[in-house]
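Visitor: Pasting in a structure now, in structure tokens, and then I'll have a few things to ask.
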Amino acid sequence: MEKFVVRGGNKLFGEIEIQSAKNSVLPLIAASIIYEGKTYIEDCPKIYDVLVMMKIIEKLGGKAYFDKNTLVLDTEGVNDWNLPEDMTKEIRASLFTVGALLSRFGYASISAPGGCNIGSRPIDIHIDCLKDLGVNVYEGESFSFSKKTNNGGITKLRYKSVGATENAIMASVKSNGVTVIENVAKEPEIVDLQNYLNAIGGKISGAGSDRIVIEGVKKFNGKEVRFKPVKDRIEVGTFILAGAVCGGELRFKGESFENSSALIKIIEHNACKIYSKNGKIECVKFDGQTHGYGFVSVDPYPSFPTDLQPQLVAAASFSDGLTVVVDNVFKRRFGYTEQLKKTGADIAVYDNACVINGGKKLSSAEMIAGDLRGGAALIIQALGICGESTISGVRHIDRGYDGIEEKLHLLGADIHRIYY
Ligand code: UD1
133 MEKFVVRGGN KLFGEIEIQS AKNSVLPLIA ASIIYEGKTY IEDCPKIYDV LVMMKIIEKL
193 GGKAYFDKNT LVLDTEGVND WNLPEDMTKE IRASLFTVGA LLSRFGYASI SAPGGCNIGS
253 RPIDIHIDCL KDLGVNVYEG ESFSFSKKTN NGGITKLRYK SVGATENAIM ASVKSNGVTV
313 IENVAKEPEI VDLQNYLNAI GGKISGAGSD RIVIEGVKKF NGKEVRFKPV KDRIEVGTFI
373 LAGAVCGGEL RFKGESFENS SALIKIIEHN ACKIYSKNGK IECVKFDGQT HGYGFVSVDP
433 YPSFPTDLQP QLVAAASFSD GLTVVVDNVF KRRFGYTEQL KKTGADIAVY DNACVINGGK
493 KLSSAEMIAG DLRGGAALII QALGICGEST ISGVRHIDRG YDGIEEKLHL LGADIHRIYY
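Our numbering runs 132 ahead of the 1-based position in the sequence shown.
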């Protein structure tokens with residue numbers, strides 16, 4: 133078993149190396165199945181979810197290994213389209229293999245996918261849009277998919293689901309016709325998926341807008357492709373919110389300002405000043421004047437991301453005022469607040485809203501992480517409190533952050549991973 137021991141109260145100073153985006157890398161690993169060649173994903177984080185996706189590629193007959201920080205995926209030998217429960221229960225991203233396997237073989241079969249414990253995560257939107265695109269779906273104890281036609285088609289998502297958008301793109305890239313997908317999610321990671329698929333020979337346009345058009349390609353040529361994914365805007369946001377609580381000055385190696393603009397809008401001129409050049413964040417200086425973050429509505433990109441909602445709630449408990457957060461994406465994503473309350477934080481949850489009354493005296497606590505981003509929120513909480521806190525359930529945090537304690541330690545935080 134592992135836990136983090138955090139002695140909070142230190143300011144954070146220094147430069148941070150941001151990892152490639154988890155939410156870009158996971159669908160890219162699945163998409164490599166379509167290619168039938170070698171994909172090199174540069175600066176790939178060695179996080180638990182990536183390791184599980186690598187096992188999935190191997191189970192299907194491919195090869196997946198790290199060469200230093202580059203993930204090498206050799207999918208030429210993939211010869212299976214069935215994913216059993218032990219491969220899918222741990223990780224929701226296993227669902228991305230459906231679109232990729234449909235493009236490669238016309239078939240896919242998976243058990244119900246698992247994932248972070250952040251509330252109900254149905255797959256009905258995935259199923260409905262695949263059906264619109266000519267896929268037969270059998271729903272029993274597991275899900276089986278088969279292409280009855282391969283001529284493209286039109287579908288409109290009833291909600292901007294990130295995963296359903298990505299699955300529909302992957303399922304359509306290799307076809308005999310044109311596919312139009314409307315009301316799609318617009319996350320930067322979807323643009324990355326488009327760029328990767330186009331790099332291997334796909335003909336996709338529109339990612340980042342409401343409508344994606346895919347001209348089907350019959351065969352992909354080429355044997356190797358190198359791809360550098362977008363940087364992890366959620367990791368950027370986690371460090372900025374940690375800085376807002378601790379104070380200090382953080383330097384970045386030029387992270388996209390636009391991809392973090394929803395966070396910047398509420399935090400700039402309140403907790404910090406952000407210095408950017410040519411659309412890239414270079415430095416964030418924290419001045420300790422946090423007045424509460426007001427009303428924050430969590431919605432699909434470009435709005436405030438649900439994956440930073442817990443970290444924002446933790447930061448808000450150190451501010452000197454009121455913050456109200458409404459999560460319209462995962463409406464029950466507040467389980468972690470019970471842990472934050474152990475420190476004395478004044479947090480009340482009503483349905484999909486959370487009210488944080490900042491400015492209370494907070495004291496150290498023993499906290500338990502129950503999900504990835506909730507776990508990151510507990511770290512931020514502990515960093516801001518003088519005294520020794522512990523955070524168990526570290527395996528949840530390892531799903532999405534590559535050595536978060538080492539990076540924080542380099543910035544001056546007193547945080548250690550303890551094995552017991
Ligand atoms: C992705 C991200 C995750 C992020 C989320 C929302 C990856 C690997 N994960 O997850 O980190 O928190 O986007 O930004 O990229 N829904 C349905 N039916 C469906 C699909 C989704 O009702 O078929 C609902 C979900 O329950 C949720 C909302 O739609 O309430 C958003 O889900 P979605 O955008 O699909 O998230 P994921 O792709 O699972």
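Note that beta-carbon positions come from the ideal geometry of N, C-alpha and C, so glycine has one too.
Using the Cα positions of G411 and V368, report the straight-line distance between them to the nearest angstrom.
Guide: In the sequence shown, counting from the first residue as 1, residue 411 sits at position 279. In the sequence shown, counting from the first residue as 1, residue 368 sits at position 236. If I take the Cα positions, the gap works out to 15 Å.
Visitor: Apart from the five residues on each side of it in sequence, which residues of its chain come closer than 6 Å, Cβ to Cβ, to R236?
Guide: Within the sequence shown, numbered from 1, the residue matching residue 236 stands at position 104. The residues are I165, I166.
Visitor: Using the three-state DSSP reduction, which class does R527 fall into: helix, strand or coil?
Guide: If you number the sequence shown from 1, residue 527 lands on position 395. In this structure, R527 counts as helix in the three-state DSSP scheme.
Visitor: Do you know whose CA, among T469, P432, P434, lies nearest L444's CA?
Guide: As a position in the sequence shown, residue 444 is number 312, starting the count at 1. Looking at the Cα atoms, T469 is the closest of the given residues.
Visitor: Express the C-alpha separation of T202 and S178 in angstroms, rounding to a whole number.
Guide: Working through the sequence shown from its first residue, we reach residue 178 at position 46. Working through the sequence shown from its first residue, we reach residue 202 at position 70. Note that residue 178 corresponds to Lys in the displayed sequence, not to Ser. So the alpha carbons of these two residues sit roughly 10 Å apart.
Visitor: Quick check: what's the CA-CA separation for E400 versus I406?
Guide: If you number the sequence shown from 1, residue 400 lands on position 268. If you number the sequence shown from 1, residue 406 lands on position 274. Approximately 7 Å between the Cα atoms of the pair.
Visitor: Flag E367 as yes when its Cβ comes closer than 8 Å to any non-hydrogen atom of the ligand UD1, and as no otherwise.
Guide: For this step, residue 367 is matched to residue 235 along the sequence shown. For the ligand UD1, not one heavy atom lies less than 8 Å from the Cβ of E367.
Visitor: May I ask you to check if the CB of S164 is nearer than 8 Å to at least one heavy atom of the ligand UD1?
Guide: Indexing the sequence shown from 1 puts residue 164 at position 32. Not under cutoff, so the answer is no.
Visitor: Could you tell me the alpha carbon to alpha carbon distance between A339 and T475, rounded to whole angstroms?
Guide: Walking along the sequence shown from the start, residue 339 turns up at place 207. Walking along the sequence shown from the start, residue 475 turns up at place 343. In a straight line, the C-alpha of A339 is about 43 Å away from that of T475.
Visitor: Given this structure, state the Cα-to-Cα distance separating R527 from E134, to the nearest angstrom.
Guide: In the sequence shown, the residue the question calls residue 527 occupies position 395. In the sequence shown, the residue the question calls residue 134 occupies position 2. The alpha-carbon atoms of R527 and E134 are separated by roughly 8 Å.
Visitor: When the Cα atoms are used, what is the spatial distance from S495 to L265?
Guide: Reading the sequence shown from its first residue, position 363 is the one you call residue 495. Reading the sequence shown from its first residue, position 133 is the one you call residue 265. Distance between the alpha carbons of S495 and L265: 54 Å.
Visitor: Which partner residues of D206 appear in the DSSP bridge assignment?
Guide: Within the sequence shown, residue 206 is the residue found at index 74, counting from 1. In the DSSP output, where bridge partners are listed per residue, D206 has K170, K195.
Visitor: What are the uninterrupted segments assigned as alpha helix (DSSP H) that are 4 or more residues long and contained completely in the segment 282 to 369, given in chain order?
Guide: Within the segment 282 to 369, the complete alpha helix (DSSP H) runs of at least 4 residues are 294 to 304, 320 to 331.
Visitor: Which runs of the alpha helix (DSSP H), 4 residues or longer, sit entirely within the segment 445 to 508?
Guide: Listed in chain order, the complete alpha helix (DSSP H) runs (minimum 4 residues) inside the segment 445 to 508 are 469 to 473.
Visitor: K170 and D206 look like a contact to me (Cβ under 8 Å); what is the Cβ gap, rounded to whole Å?
Guide: Walking along the sequence shown from the start, residue 170 turns up at place 38. Walking along the sequence shown from the start, residue 206 turns up at place 74. At roughly 5 Å, the Cβ-Cβ gap stays under 8 Å, so K170 and D206 are in contact.
Visitor: Let me know the beta strand (DSSP E) ranges lying completely inside the segment 378 to 433, each 3 residues or longer, listed in chain order.
Guide: With a minimum length of 3 residues, the continuous beta strand (DSSP E) runs that stay inside the segment 378 to 433 are 380 to 388, 404 to 409, 412 to 418, 426 to 430.
Visitor: Would you list the one or two residues that DSSP bridges to V138?
Guide: As a working note, residue 138 is residue 6 in the sequence shown. Answer is S521, I547, bridged to V138.
Visitor: Would you call the segment 485 to 494 and the segment 348 to 358 touching, i.e. three or more CB-CB distances under 8 Å?
Guide: No: fewer than three Cβ pairs fall under 8 Å.
Visitor: Buried or exposed for Y197, going by 16 or more other Cβ atoms inside 10 Å?
Guide: Along the sequence shown, read from residue 1 onward, the residue named residue 197 stands at position 65. Counting Cβ neighbours within 10 Å, Y197 comes out exposed, since fewer than 16 surround it.
Visitor: If you reduce the DSSP assignment to three classes, tell me which class E271 lands in.
Guide: The residue given as residue 271 occupies position 139 in the sequence shown. Residue state, collapsed to three classes: strand.
Visitor: Given a threshold of 16 other Cβ atoms within 10 Å of its Cβ, counted over all protein chains shown, does Y180 qualify as buried or as exposed?
Guide: Within the sequence shown, the letter at position 48 stands for residue 180. Buried.
Visitor: Who does T144 pair with in a DSSP beta bridge?
Guide: Your numbering for residue 144 matches position 12 in the sequence shown. In the sequence on display, residue 144 carries Leu and not Thr. In DSSP, L144 forms a bridge with G380.
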